[in-house]
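Contents: one structure, followed by commentary.
Numbering (my numbering), first residue to last: 88 to 524.
As structure tokens, this is what we get:
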């Protein structure tokens, strides 16, 4: 009973997923241009970058459980429309505040799309071997899309204004939305029970508060007087949410999913791989533009090896997991990625030769395999009717890892830059410290 349209369905949903991951990294090279054009303050720039992964991390699980209740097709189509409209608003934003609001709307649309994509793949591919291949292709789009973001941004900024990095999403949505409308079945098994808005609000506010407190605390953006109350608030809200789920005969989120080792391991793998990939790309983009003085396009081209290698990592992960087992493939991918990252830290970007491109390709390949392995582990552990919830957990790990990776790498960059900054000797101690910050 294999669906004859299953590979066309896969093409449609992975194309729907592509702009979501591109938007996670495309701003890495556009920040200098939009900062100058919008006269954005440093705090506004941080919110322009952070608001997208922050809201996504809080919205993914509620949207995934909603998709399981009302159907993946319906939520996916609504998400595509929202994402397309938000892209236009972001492209033509006249102020930094307007861009922040548009990025928030992009996060809502993206949070509706991401878990539905994984849920649809889980429902469409019942055969485990075909599912591994399909998730490998999905992983390729995820890794390559994130890797190609800086290149697309650099190429567009070479000839157009900064808003073009958002406007590129619109033609993709105009193609993908009709494909999904006609290809996806209107009949699909759904999880019984109602979607409690109050419980969803507890989860959304709790997750967003926790993620923001974590990022702000690690990044030194806020004092402990703000961070600690946020942590207490988030823990309190999430505790109430968990108690409601445990006492409900039809919980919004099946907490038994967390008792499955494959799901927990998959979430951790997604966080580590996504965080490393996002952090490396941000660090490289800043290093290449601010230190080596490359243009945005040149910086994007420098990172092409990551993109090319990531593009083939997904199918390789699907093949290897079928042949050697998922545990071995996942473990080796993270070990080799760690070795490549250490090697990159000793590289000379002024004279890259063939060594630096090889290291970058190794990073893209191994992290792409790791991300795909996490998806195979999670989606293979749940029945089809819970694919949206499981997909949202994996996507949350991806988003949380991306946000924390950017934060941790950013803090490290700021520390290194500040410690090596030479300030004029006639500056006061206070001004010198501000310059280093």
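Beta carbons: idealized from backbone N, C-alpha and C, even for Gly.
Legend entry - Beta-carbon spacing of residue 259, residue 106 below 8 angstroms: yes
Legend entry - Status (buried if at least 16 other CB within 10 Å, exposed otherwise) for residue 110: buried
Legend entry - Per-residue burial, residue 97 [other beta carbons within 10 Å of its own, 16 or more giving buried]: buried
Legend entry - Distance, residue 155 Cα to residue 211 Cα: 14 angstroms
Legend entry - Boundaries of the alpha helix (DSSP H) in which residue 562 is found, first to last residue: Because the chain in this structure spans residues 88 to 524, residue 562 falls outside the shown range and cannot be described.
Inset, instruction - Could you round the C-beta distance between residue 58 and residue 465 to whole angstroms and report it? I think they count as a contact, below 8 angstroms. - result: Since the displayed the chain opens at 88 and closes at 524, residue 58 lies outside it and no answer follows.
Legend entry - Candidates 416, 436 and 145, of which the one nearest residue 381 by Cα: 436
Inset, instruction - Go through its chain and collect everything with a Cβ distance to residue 344's Cβ below 6 angstroms, but skip five positions before and after it. - result: 350
Legend entry - residue 340 and residue 476 closer than 8 angstroms at C-beta: yes
Inset, instruction - Pull up the distance between the alpha-carbon of residue 94 and that of residue 315, whole angstroms please. - result: 48 angstroms
Legend entry - Pick from 434, 121, 458 and 146 that is closest to residue 247, judged by C-alpha positions: 121
Legend entry - Local Cβ density within 10 Å of residue 99, reported as buried at 16 or more and exposed below that: buried
Inset, instruction - Pull up the distance between the alpha-carbon of residue 90 and that of residue 228, whole angstroms please. - result: 22 angstroms
Legend entry - For residue 270 and residue 525, believed in contact at Cβ under 8 angstroms, the rounded distance: Outside the modelled stretch of the chain, which goes from 88 to 524, sits residue 525, for which no answer is possible.
Inset, instruction - Go ahead and label residue 103 buried or exposed: buried means 16 or more other beta carbons lie within 10 angstroms of its beta carbon, across all protein chains shown. - result: buried
Inset, instruction - Tell me whether the beta-carbon of residue 253 lies closer than 8 angstroms to the beta-carbon of residue 177. - result: yes
Legend entry - N-terminal and C-terminal residue of the alpha helix (DSSP H) that residue 465 is part of: 442-466
Legend entry - Coil, strand or helix - residue 90 by DSSP: coil
Inset, instruction - Would you check if the distance between the CB atom of residue 147 and the CB atom of residue 486 is smaller than 8 angstroms? - result: yes
Inset, instruction - Indicate the three-state DSSP secondary structure (helix, strand or coil) for residue 345 in the structure shown. - result: helix
Inset, instruction - Determine, using beta-carbon pairs with one atom in the region 454-464 and one in the region 430-446, whether at least three such pairs fall under 8 angstroms. - result: no
Inset, instruction - Could you tell me which uninterrupted alpha helix (DSSP H) segments, each at least 4 residues in length, are contained entirely in the region 224-279, listed from first to last along the chain? - result: 251-254 and 256-270
Legend entry - Option in 493, 221, 196 and 330 with minimal Cα separation from residue 163: 196
Inset, instruction - Tell me whether the beta-carbon of residue 132 lies closer than 8 angstroms to the beta-carbon of residue 113. - result: no
Inset, instruction - Check residue 212 in the structure and name its three-state DSSP category. - result: coil
Legend entry - Residue range of the alpha helix (DSSP H) that includes residue 411: 391-411
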